[in-house]
Structures are given as C-alpha cells and as structure tokens.
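In the numbering used here, the protein residues as written are 1 to 331.
To keep things clear, I will list the structure first and then write my remarks on it.
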C-alpha cells in the first residue's frame, strides 16, 4: 500500500504524527514522507530523531491552501492529523478553532484534489458524535466535508475517508500525562471533574495501526471506528497514584460525562466488522458502493436498530490489571 509512495501528514510533529512516521519508515519503503506543520522548533526537534533521507519537512499552516497545494505536489497518500483539540481553549477561542478545523479541512481537500492524491484519511474524534462543544462541532463539520468530497472528485482517483477514535493514552494534552506531571511535582491530590466520567481509550500504537489498516480497507466515503475499551477516569487515577486522594472539581466547559463514537441515529448506516465498525455515508454517490465489504475483502453485518456505541455502555472495559499493564508499557 505504501511501498514507493509519497506520504504527507498534516500536523506531523504531534504525538500521532511522530509514531506514524516511525512505523511507516520501519515497515515500508516509501519514496518520501512529508511532515507538514507550522511549528519550526517541533520540526527541528523531530528532524533530529528522524534523520532519514526520505523525510521532508514543510513549514505551513492548513489554513494556507496555496502552501498546502505546493506541499502536496506528487503526493499519493495524505493523513490529515492537524487540528486544534483542547476543548476549553476552543470554547474560549471559537473562531480560531473554526479556521483550523473546518477551513483547514476544506483546504486539505482542495489541495488533494488539485494534486490527484489517491488516498486521504482525516483523523476525527469521539467528540464529533453528538457534539456539545465547539471542538466536537468543528470535527463533525470536518468529517462531513471529507465524506462529501467523494461527490466532487469527478474522474480523479481520490478516496476520502475518516477514522474516528477516542482518547489516546499518553498523547499531548491528554489526562494521563497531566496526572503524571502532578504526581512528579508532589501533588497532594488528583483533580477529577466527575466521579462518573468514562472515556474510550486507545494506545498510540493501536491508533496508528488502525489508520494504516484503514488505508487498505477504504472505498472512500466511510467513517472507520475501532472497537476499543472504555475506562473510568477514577480507575486511571487510582492505578496511577493509589496513595493520592481524588478531588472532584466539576465538569469543564464543553465536557461530557460519557463519550459516544456511533450515535443511535447513525445505526441505520452502520456495519459491524470483527474489530471495527463502518458508518456509511448518508448521501448517495454517483457510483454506488457496498460498504458491507471492505476494499480488502472483509465482510460486515448491519448493526441492530437503535444501536449506540457509548463509553458508558461499552461491553469492553479496562480493569485495574490492564490499566497497570498499559502504564508499565508506556502506551
């Protein structure tokens, strides 16, 4: 799939981008791997770790369509990982979040079409399903843009799909490094927003693997959702620092008690596969696609009516032993 290909990843200096690049360089023989991001310091630091002749580093913002179009010249595969992701910060800076997450997504689509990129995957979030915060709403808009892009590609070879998953353990800005920092600084307690709170969790390696597999499975137009476990935030805090009490501080602006990755209203468009779900597009493309069979031949079945994939009602949970194993592995 990626042998001899030119690959571009927006937001490539982030946690996902660095792990994705490492796996691609280790497993495949790509022609080029292009990191597209706006922070020169992070690019410089990344170049010290990835000193490979196949690497390219482009300074640029997804808000800049002309720069994106230039960077995508000759690209075969694009992974769109750039986004403003911090929920409270997005609530206080809404227009900035809109410019990056919505207008930036539109720019990625237009640049990919202009350069006849073949496979384009956008990373999404559980917060895009039934969103109550601005970050989730902008990612829902981004998802809709990427799905609908399959209707405007004409005769071009482009396939646009979305990968949606939950919180990534250990990624920048996630709760785990925040808790670890507090413990290292000698905190007397750990702040928890609400004792009932649950979240979907996925390791960084699992997230990267799922994206790589989705490149092989994609027809274009679908949203891929992995089957991943839920975790109680209180369980994570207890396993990480059993000696510290918890202080319940209340839910932050735009935060939910539980996350949903497949809303009930999407169940009529959803197929279940062995290790993942596919949400087919609600719009009809000019060339009909059977999304019950993936591009690499895997078969799925329709989910039951009124099915919902929620972190609160998930059938797969991390227990204390599994949480400790994840913590010891280093995510």
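The beta-carbon is built from N, C-alpha and C at its ideal position, and this holds for glycine as well.
Handout entry: Between the CA atoms of residue 325 and residue 195 - distance to the nearest angstrom
Key = 23 Å
Exercise for the section: Mark residue 76 as exposed unless 16 or more other C-beta atoms lie within 10 angstroms of its C-beta, in which case mark it buried. Expected result: buried
Problem - Every unbroken beta strand (DSSP E) within the segment 223-310, with a cutoff of 3 residues, ordered by chain - result: 223-226, 230-232, 246-248, 260-262, 270-272, 276-279
Handout entry: Under 9 Å between C-beta atoms of residue 12 and residue 30
Key = no
Handout entry: Enclosing beta strand (DSSP E) for residue 312 [first to last residue]
Key = Neither: residue 312 is in no beta strand (DSSP E) and is coded neither H nor E.
Practice task
Could you tell me which of 102, 110, 232 sits nearest to residue 259, measuring between CA atoms?
Solution key: 232
Practice task
Name the two residues that bound the continuous beta strand (DSSP E) containing residue 122.
Solution key: 119-125
Practice task
Just confirm the distance between the C-beta atoms of residue 208 and residue 16, as a whole number of angstroms; I'd bet it's less than 8 Å.
Solution key: 7 Å
Exercise for the section: For residue 135, count neighbouring Cβ atoms within 10 angstroms of its own Cβ and tell me buried if that reaches 16, exposed if not. Expected result: buried
Practice task
Would you mind reading off the limits of the alpha helix (DSSP H) that contains residue 138?
Solution key: 134-148
Practice task
Could you tell me the boundaries of the beta strand (DSSP E) in which residue 56 lies?
Solution key: 55-59
Problem - Best match in 90, 317, 32 for proximity to residue 230 [C-alpha to C-alpha] - result: 317
Practice task
Give me whichever residues DSSP pairs with residue 190 in a beta bridge.
Solution key: 246
Exercise for the section: Determine the burial state of residue 189: buried for a count of at least 16 other Cβ atoms within 10 Å of its Cβ, exposed for fewer. Expected result: exposed
Handout entry: Continuous beta strand (DSSP E) stretch holding residue 8: start and end
Key = 6-10
Problem - Three-state secondary structure (DSSP) of residue 100 - result: helix
Problem - Selection from 311, 300, 287, 302 that minimises the alpha carbon distance to residue 151 - result: 287
Handout entry: Nonlocal neighbours in the same chain, by C-beta distance under 6 Å from residue 82, ignoring five residues either side
Key = 10, 11, 62
Practice task
Name the two residues that bound the continuous alpha helix (DSSP H) containing residue 67.
Solution key: 65-71
Exercise for the section: Would you kindly work out how many angstroms separate the C-alpha atoms of residue 23 and residue 212, rounded to a whole number? Expected result: 9 Å
Practice task
Whole angstroms is fine: what's the gap from residue 168's alpha carbon to residue 18's?
Solution key: 14 Å
Problem - Backbone CA spacing between residue 262 and residue 199 [nearest angstrom] - result: 14 Å
Problem - Bridge-paired residues (DSSP) for residue 79 - result: 9, 121
Handout entry: Same chain, Cβ closer than 8 Å to residue 78, five either side skipped, listed in chain order
Key = 7, 8, 9, 10, 72, 108, 112, 117, 119, 120, 121
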